[in-house]
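Everything below concerns the one structure shown next.
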């Protein structure tokens, strides 16, 4: 019986967060640009660069997760696979985000070309949304891991991504000193509504899984609420990710408060992805709990045996 | 010529949990000690004395007809052969471990040194030469049978019919080709 999902670890969780964060920071920036918000010119260059950098970092984490990195191009070879689709979304998004970002820097001759930039931005938003949606579908393919099979996983991850994107843009605005802008006040209110939506979605998802028939889904919920992932759930997701940011709304809208609030939201989003990824345990096979020896113990035994053979060989050969 | 549709029947009433199939598989595939494509689990003991029961459950790859590992593989390294056997092409595997994640039976193993995923392939090379898989050949208790599931006259088809053999967790919808005769 798995005590947590250990096949995809921190690198995969990091990729899911970075890709979603980058994609949604970009999407918010490009959306503000398309609707010709006055804020766009002030935060767009930095914001879209942040989105591009985060998605690029996510791509590197994904590459690091591969066992055979030299063959990574093969990931594009089978379009029926959800992973291939995801890799394609990520690649297209990075290319579009890079082109879009270049429009905001004067070193490029096409800088300031509004129509072209907005068209690229619109295309980028489409790939950003696809990039955010596909991980929920990807995890949903694991039939033996019922915790991921809930239909609300995709909306939850979409809401989480949008929350982190908004927090990212507000953070950029707070850092570069444009936080007093009216658009930021609106984004801040949308962030609050998204946080509340997310609380409802997470609660509904967990309660739904708790009531569901599959044993492993109930085991996953128990791990999250009072098991070995309770700290990341209660401290990371609930307190840092939701409670503290909501309380900070009573502290005004100064740049410092906005920056701190955004950072707490981002910590919560990292924890959400890490926890939901680890908690997806596989259905337990009959007798699997009684494994006479764990793989790690066998590895230690094998190493000891090998050492004993080496010593014996050295003794026989008189070395 | 008709294509074979390979399948396996494991008679849990006969298995004594000697792990000979596990070791034979390791020898056949030159696996390290800590890598077992064919584990044997101990189910139970359950109940209260004197009504105590226990049995063993060997777990090879189920060679699912609707295999999530094949559907999810981004490179096509996990493939279904025409005879139903699921194999991994080590030359195409990038070690993304998605197949390990989606396999509900946990049969796939990551080979750290090669950076690829491997698993039981029902000794298809032996089958092509007219031999039985190594685990079937090794089992002294005759708890394992391999044969053509489409041939009504085959031993496996007869066992499935007579002993009401059924796959493990059929509700997952993966349509495994490995059937168990439960005690």
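Chains as they are written, first to last, in our numbering: chain A, 4 to 322; chain B, 142 to 324. Glycine residues also receive a C-beta, built at the ideal position from the N, C-alpha and C atoms.
Amino acids of chain B, ordered along the chain, whose beta-carbon sits closer than 8 Å to that of residue i
i: residue 78/A; result: 215, 216, 235, 237
i: residue 286/A; result: 245, 310, 313
i: residue 71/A; result: 234, 235, 236, 255, 256, 257
i: residue 75/A; result: 235
Rounded separation between residue i and residue j - CA only
i: residue 301/B; j: residue 208/A; result: 40 Å
i: residue 222/A; j: residue 258/B; result: 27 Å
i: residue 225/A; j: residue 124/A; result: 43 Å
i: residue 59/A; j: residue 22/A; result: 8 Å
i: residue 79/A; j: residue 86/A; result: 9 Å
i: residue 323/A; j: residue 282/A; result: Given a span of 4 to 322 for chain A in the structure shown, any question on residue 323/A remains unanswerable.
i: residue 148/B; j: residue 287/B; result: 6 Å
i: residue 25/A; j: residue 135/A; result: 10 Å
i: residue 255/B; j: residue 71/A; result: 8 Å
i: residue 175/A; j: residue 263/A; result: 12 Å
i: residue 186/A; j: residue 249/A; result: 19 Å
i: residue 57/A; j: residue 101/A; result: 12 Å
i: residue 34/A; j: residue 97/A; result: 17 Å
i: residue 257/A; j: residue 267/A; result: 16 Å
i: residue 307/B; j: residue 27/A; result: 47 Å
i: residue 273/A; j: residue 148/A; result: 21 Å
i: residue 194/A; j: residue 129/A; result: 21 Å
i: residue 278/A; j: residue 104/A; result: 32 Å
i: residue 164/A; j: residue 269/A; result: 10 Å
i: residue 99/A; j: residue 111/A; result: 15 Å
i: residue 317/B; j: residue 189/A; result: 54 Å
i: residue 297/B; j: residue 305/A; result: 37 Å
i: residue 45/A; j: residue 181/A; result: 7 Å
For residue i, the three-state DSSP class (helix, strand or coil)
i: residue 338/B; result: Past the edges of chain B, shown from 142 to 324, lies residue 338/B, and the structure says nothing about it.
i: residue 199/B; result: strand
i: residue 241/B; result: helix
i: residue 183/A; result: coil
i: residue 388/A; result: Given a span of 4 to 322 for chain A in the structure shown, any question on residue 388/A remains unanswerable.
i: residue 183/B; result: strand
i: residue 206/B; result: coil
i: residue 221/B; result: strand
i: residue 147/B; result: strand
i: residue 246/A; result: helix
i: residue 19/A; result: helix
i: residue 161/A; result: helix
i: residue 298/A; result: helix
i: residue 97/A; result: helix
i: residue 251/B; result: strand
i: residue 188/B; result: strand
i: residue 8/A; result: coil
i: residue 152/B; result: strand
i: residue 194/B; result: strand
i: residue 226/B; result: coil
Within chain A, the residues that residue i reaches when beta carbons sit closer than 8 Å
i: residue 222/B; result: Here the premise fails: no neighbours, minimum Cβ distance about 17 Å.
i: residue 190/B; result: Under the 8 Å cutoff, chain A gives no residues; its nearest Cβ is about 18 Å from residue 190/B.
Where residue i meets chain B, residues with beta-carbon distance less than 9 Å
i: residue 276/A; result: Within 9 Å Cβ-Cβ: nothing; residue 276/A doesn't reach chain B, min ~15 Å.
i: residue 84/A; result: 212, 213, 214, 215, 216, 217, 239
i: residue 136/A; result: The contacting residues do not exist; residue 136/A stays about 17 Å from chain B at best.
i: residue 302/A; result: 173, 174, 175
Buried/exposed call for residue i, threshold 16 Cβ in 10 Å
i: residue 204/B; result: buried
i: residue 196/A; result: exposed
i: residue 226/B; result: buried
i: residue 255/A; result: exposed
i: residue 193/B; result: exposed
i: residue 288/A; result: buried
i: residue 146/A; result: buried
i: residue 83/A; result: exposed
i: residue 180/B; result: buried
i: residue 178/B; result: buried
i: residue 30/A; result: buried
i: residue 73/A; result: exposed
i: residue 157/B; result: exposed
i: residue 283/B; result: exposed
i: residue 308/A; result: exposed
Partner residues on chain A for residue i, Cβ-Cβ distance less than 9 Å
i: residue 307/B; result: Neighbours of residue 307/B on chain A: none; closest Cβ ~13 Å, over 9 Å.
i: residue 183/B; result: 290, 293, 294, 295
Residue i: contacting residues in chain A (beta-carbon distance under 7 Å)
i: residue 200/B; result: 288
i: residue 277/B; result: Those do not exist, as residue 277/B stays about 21 Å from chain A at its closest Cβ, beyond 7 Å.
Proximal chain B residues relative to residue i, where beta-carbon distance stays under 7 Å
i: residue 298/A; result: 175
i: residue 11/A; result: 238, 242
### Interface positions of the segment 145-174 of chain B facing chain C (Cβ-Cβ less than 7 Å), listed along the chain
This model lacks chain C altogether; the protein chains it does include are A and B.
### Task
With a floor of 4 residues, list each alpha helix (DSSP H) that falls wholly inside the segment 182-217 of chain A, ordered by position along the chain.
185-214
### 3-residue-minimum beta strand (DSSP E) runs that sit fully inside the segment 262-306 of chain B, ordered along the chain
285-289
### Message
List, from N- to C-terminal side, the beta strand (DSSP E) runs of 3 residues or more that fit wholly inside the segment 111-138 of chain A.
### Response
none
### Task
For the segment 217-241 of chain A, list the alpha helix (DSSP H) runs that are entirely contained and at least 4 residues long, ordered along the chain.
218-229
#### Entry: Inside the segment 10-77 of chain A only - alpha helix (DSSP H) runs reaching at least 4 residues
13-37, 43-68
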